[in-house]
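Asks:
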Amino acid sequence: MLMLAVKDISEEELFNYTRNRWIYNESLQLSLRYLKFDLRQLLKAAVAAVSSEGAHYCTKVHKCQEGLNNKVFILTMDNGLEVVAKLPNPIAGPAYYTTASEVATRAFLRDVLNIPIPRIIAWSADQSNPIGAEYILEEKAPGTPLGMLWYQWKMKSRLEMIDQIIQIEGKLASTKFSKIGCIYFSDDFPDKTPGGCILSTSSSLPSSVLERFTLGPLVSSDLWRGDRASMNLNCGPFNQPLDLVEAMAKNEIQYTKEHARPYMNYHRSSTEAQSPDELLELLNRYLRLIPAMIPPEGAEDTHSPTLWHPDLHLDNVFVDPESHKITRIIDWQSAAVMPLYYQYTIPRMFEHPGGVPHGWTMALPENYDSLNQEEKDKFESDRKSIACQKYYEVETRAQNPRHVAAFQLQNLDVRIEPSRVVVNAWEGEAVYFLRRALHAIVRQWGDLCPGLGPCPVSIDAQELKLHAAEEEISNSVAEILTLFRDAWGVPPDGMVHPADFERVKAAVAERRDAFFESADNETDKELYKRIWPYQDKDL
Numbered sequence: 304m305l306m307l308a309v310k311d312i313s314e315e316e317l318f319n320y321t322r323n324r325w326i327y328n329e330s331l332q333l334s335l336r337y338l339k340f341d342l343r344q345l346l347k348a349a350v351a352a353v354s355s356e357g358a359h360y361c362t363k364v365h366k367c368q369e370g371l372n373n374k375v376f377i378l379t380m381d382n383g384l385e386v387v388a389k390l391p392n393p394i395a396g397p398a399y400y401t402t403a404s405e406v407a408t409r410a411f412l413r414d415v416l417n418i419p420i421p422r423i424i425a426w427s428a429d430q431s432n433p434i435g436a437e438y439i440l441e442e443k444a445p446g447t448p449l450g451m452l453w454y455q456w457k458m459k460s461r462l463e464m465i466d467q468i469i470q471i472e473g474k475l476a477s478t479k480f481s482k483i484g485c486i487y488f489s490d491d492f493p494d495k496t497p498g499g500c501i502l503s504t505s506s507s508l509p510s511s512v513l514e515r516f517t518l519g520p521l522v523s524s525d526l527w528r529g530d531r532a533s534m535n536l537n538c539g540p541f542n543q544p545l546d547l548v549e550a551m552a553k554n555e556i557q558y559t560k561e562h563a564r565p566y567m568n569y570h571r572s573s574t575e576a577q578s579p580d581e582l583l584e585l586l587n588r589y590l591r592l593i594p595a596m597i598p599p600e601g602a603e604d605t606h607s608p609t610l611w612h613p614d615l616h617l618d619n620v621f622v623d624p625e626s627h628k629i630t631r632i633i634d635w636q637s638a639a640v641m642p643l644y645y646q647y648t649i650p651r652m653f654e655h656p657g658g659v660p661h662g663w664t665m666a667l668p669e670n671y672d673s674l675n676q677e678e679k680d681k682f683e684s685d686r687k688s689i690a691c692q693k694y695y696e697v698e699t700r701a702q703n704p705r706h707v708a709a710f711q712l713q714n715l716d717v718r719i720e721p722s723r724v725v726v727n728a729w730e731g732e733a734v735y736f737l738r739r740a741l742h743a744i745v746r747q748w749g750d751l752c753p754g755l756g757p758c759p760v761s762i763d764a765q766e767l768k769l770h771a772a773e774e775e776i777s778n779s780v781a782e783i784l785t786l787f788r789d790a791w792g793v794p795p796d797g798m799v800h801p802a803d804f805e806r807v808k809a810a811v812a813e814r815r816d817a818f819f820e821s822a823d824n825e826t827d828k829e830l831y832k833r834i835w836p837y838q839d840k841d842l
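Its first residue numbered 304, the sequence shown is counted upward by one per residue in the numbering used here.
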């Protein structure tokens, strides 16, 4: 038996995903996160990797709280040394590329840009190794996750942490790449895959450094999901933003022609199946509208490909609890070199939910004195959160003008939304969202592409009518999703903490029954049953 927190577990439980449950599609979600591997071979590899540091055998395996994409274990050696083992689940991304790219990206960040990243001790991107799975063995990050300290800190410490993050973002932004893609080692880039290119950047880095790396395909799991993994799709590298935006649509055209089959989209019709031909028509429109999807270049360089952290939140930053200095930044899996305007957002750790008011401080509400202590604490927490976001924005404007320029590009969301929703539009049942994004481009064509003449795409009244009807149903479903997100923290995929599972499931069932009974007639009731979001479906 092996130790997990305060209880012993079987070896089989190491392979299962146990952190969360799902109120629908649970069997499928768990299967995407089940990973069987040879534990003894993993321990053997770990001991061998640190034998030079005096380790002879492993004394304990601790299964860490899992993320959605990886199994993570802390392996304690007989000399007290701790090694972190990370094994990607099947859902993490494409075989080989996901691990190979992460290792090379982290080497570039650590060795070239001097960003504090956990040291990798050993790794393999080959599932046929003795362990039977890809893996990364790395040092345990020194320090404490920032999420355990942040809300205890005074504002001075929070603002100093923001300064540290801005400095790291400055290092990332100062290194501009010549192409779009993911970073790999040149020696490990598979010869059979076309498109790899020697890395070149705007920084004055020695050729010996640049030749160590290459740019290759993007590893976003959406680009490789299901049948896509065996198709010859263009996942990069790309020479310019136009090539990226165009490839996303051409990939979907190829996938739709080869694999899409009609299905019932009850948001649109209760009697007629949705045809792949409709998506193909939208994709052809997409290609004609591409000029509107590329922002104009301004004084600041917002287009050069730039490496960025994919999801910077409090638990991805480790700090020294005494000095408050960053010791490590983790979770660079799937990090990509993309045009900066695609990458740049306010880090989740500093972004106040719901937007921020004008001015530096929140005015006290008129009824402040009548608020109870819990309400006053909530106000104070919001005040600090808003101040942190504003401080981040002001200091970023002063220190990293490229970031601000990217964030302030006019109509940016409208421009990039089509390329964000086009991937997996068919099997993700996102045809509606792609159509909506293209309609927005058509409506604003004159502002987005002044001087290019009339919009090359027109939308007739019948299409607008059908889209409006689908929008009405989609908005009703969105209201249900928002209700459970706000009340229970349930995301659209239905993931919940195991302790909340039964309560949430009961609440969902109660709301479902009420929703069905609100129908005016049996026809509507049948429709409501079809569009209810929390029910098993293909992913």
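Even for Gly, the Cβ is constructed at its ideal location relative to N, Cα and C.
What you are looking at is a predicted structure, and each value in this text was computed from that prediction instead of being measured.
Quick check: the region 671–690 against the region 610–620, are there 3 or more CB pairs under 8 Å?
Replies: Taking a cut-off of 8 Å on C-beta distances, the region 671–690 does not touch the region 610–620, as fewer than three cross pairs fall below it.
Asks: Beta-carbon within less than 6 Å of His-661's beta-carbon, same chain only, minus the 5 sequence neighbours each way: which residues are those?
Replies: none
Asks: From what residue to what residue does the alpha helix (DSSP H) around Arg-833 run?
Replies: 825–834
Asks: Report the partner residues of Gly-519 according to the DSSP bridge assignment.
Replies: Cys-485
Asks: On the DSSP bridge assignment, give the partners of Tyr-320 in chain order.
Replies: Per DSSP, none; premise fails for Tyr-320.
Asks: Please confirm whether Lys-482 and Phe-541 have their CB atoms less than 8 Å apart.
Replies: Yes.
Asks: Given that a residue counts as buried once 16 or more other Cβ atoms are within 10 Å of its Cβ, and exposed if not, what is His-800?
Replies: Result: exposed.
Asks: Near Arg-322, which residues of its chain fall below 7 Å by C-beta distance, leaving aside the five closest residues on each side in sequence?
Replies: Gln-368 and Glu-369
Asks: Just to confirm, are Gly-519 and Phe-480 a CB contact at a threshold of 8 Å?
Replies: no
Asks: Report yes if the C-beta distance between Ala-436 and Leu-378 is below 8 Å; otherwise report no.
Replies: no
Asks: Which whole-angstrom value is the C-beta distance of Leu-925 and Thr-605, which I expect to be below 8 Å?
Replies: Here the chain has residues from 304 to 842 only, and residue 925 is not among them.
Asks: So His-365 is in the beta strand (DSSP E); what residue range does that whole segment cover?
Replies: 361–366
Asks: Grab me the residues of Gly-328's own chain with a C-beta within less than 6 Å of its C-beta, minus the 5 sequence neighbours each way, in chain order.
Replies: Looking at the sequence shown, residue 328 is not Gly but Asn. Correct list, in chain order: Asp-839.
Asks: Report back the beta-carbon spacing between Pro-284 and Val-640 to the nearest angstrom; my notes put them in contact at under 8 Å.
Replies: With the chain covering 304 to 842 only, the question about residue 284 has no answer from this structure.
Asks: Give the C-beta separation of Ile-434 and Asp-341 to the nearest angstrom, bearing in mind that I take them to be a contact with Cβ-Cβ under 8 Å.
Replies: 5 Å
Asks: Report yes if the CB atom of Met-534 is closer than 8 Å to the CB atom of Tyr-558, and no otherwise.
Replies: yes
Asks: Alpha carbon to alpha carbon, what distance is there between Val-353 and Lys-560?
Replies: 51 Å
Asks: Considering Cα atoms alone, identify which of His-359, Asn-714 and Leu-755 is closest to Ala-743.
Replies: Asn-714
Asks: Note the first and the last residue of the continuous alpha helix (DSSP H) segment covering Val-386.
Replies: Val-386 -> not in any alpha helix (DSSP H); beta strand (DSSP E) instead, spanning 385–391.
Asks: I'd like the list of long-range same chain contacts for Pro-497, defined as Cβ closer than 7 Å, with 5 residues on each side in sequence excluded.
Replies: With a pLDDT of 44 at Pro-497, under the threshold of 50, the modelled position of this residue cannot be trusted; read the value that follows with caution. Excluding sequence neighbours, Pro-497 sits near nothing in its chain.
Asks: Between the C-alpha atoms of Thr-664 and Glu-625, what's the straight-line distance to the nearest angstrom?
Replies: 29 Å
Asks: Which whole-angstrom value describes the C-beta separation of Glu-442 and Val-387, a residue pair presumed to lie in contact below a C-beta threshold of 8 Å?
Replies: 7 Å
Asks: Compute the Euclidean distance between the alpha carbons of Ala-812 and Glu-774, then round it to the nearest angstrom.
Replies: Roughly 25 Å separates the two Cα atoms.
Asks: Counting along the chain, where does the alpha helix (DSSP H) carrying Val-353 start and finish?
Replies: 342–353
Asks: Measuring alpha carbon to alpha carbon, tell me which of Glu-472, Phe-653 and Lys-459 ends up nearest Asp-685.
Replies: Phe-653
Asks: By how many angstroms is the C-alpha of Met-798 removed from the C-alpha of Ile-468?
Replies: 30 Å
Asks: Can you name the residues that DSSP bridges to Ala-425?
Replies: Under DSSP, Ala-425 takes part in a beta bridge, and its partners are Leu-440.
Asks: Could you tell me whether the region 584–594 touches the region 727–747, using the rule of 3 or more Cβ pairs below 8 Å?
Replies: In this structure the region 584–594 touches the region 727–747; the number of beta carbon pairs closer than 8 Å is three or more.
Asks: Could you give the residue range of the alpha helix (DSSP H) that holds Met-641?
Replies: Counting along the chain, Met-641 falls outside any alpha helix (DSSP H), though it belongs to the beta strand (DSSP E) covering 640–642.
Asks: Is the distance from the Cβ of Thr-401 to the Cβ of Ile-486 below 8 Å?
Replies: no
Asks: Assign Pro-448 to one of three DSSP states: helix, strand, or coil.
Replies: strand
Asks: Take Asp-789 and list the residues in its own chain whose beta-carbon comes closer than 8 Å to its own, dropping the five residues that flank it on each side.
Replies: none
Asks: Based on Cα-Cα distance, which residue from Pro-579, His-627, Phe-736 and Ala-428 lies nearest to Glu-463?
Replies: His-627
Asks: State the start and end residues of the unbroken beta strand (DSSP E) segment that holds Phe-492.
Replies: Where Phe-492 is concerned, there is no enclosing beta strand (DSSP E), given that its DSSP letter is neither H nor E.
Asks: Please say whether Thr-699 and Pro-419 have beta carbons closer to each other than 8 Å?
Replies: no
Asks: So, helix, strand or coil for Leu-621, using DSSP?
Replies: This sequence places Phe at residue 621; Leu is not what is there. It is a strand residue.
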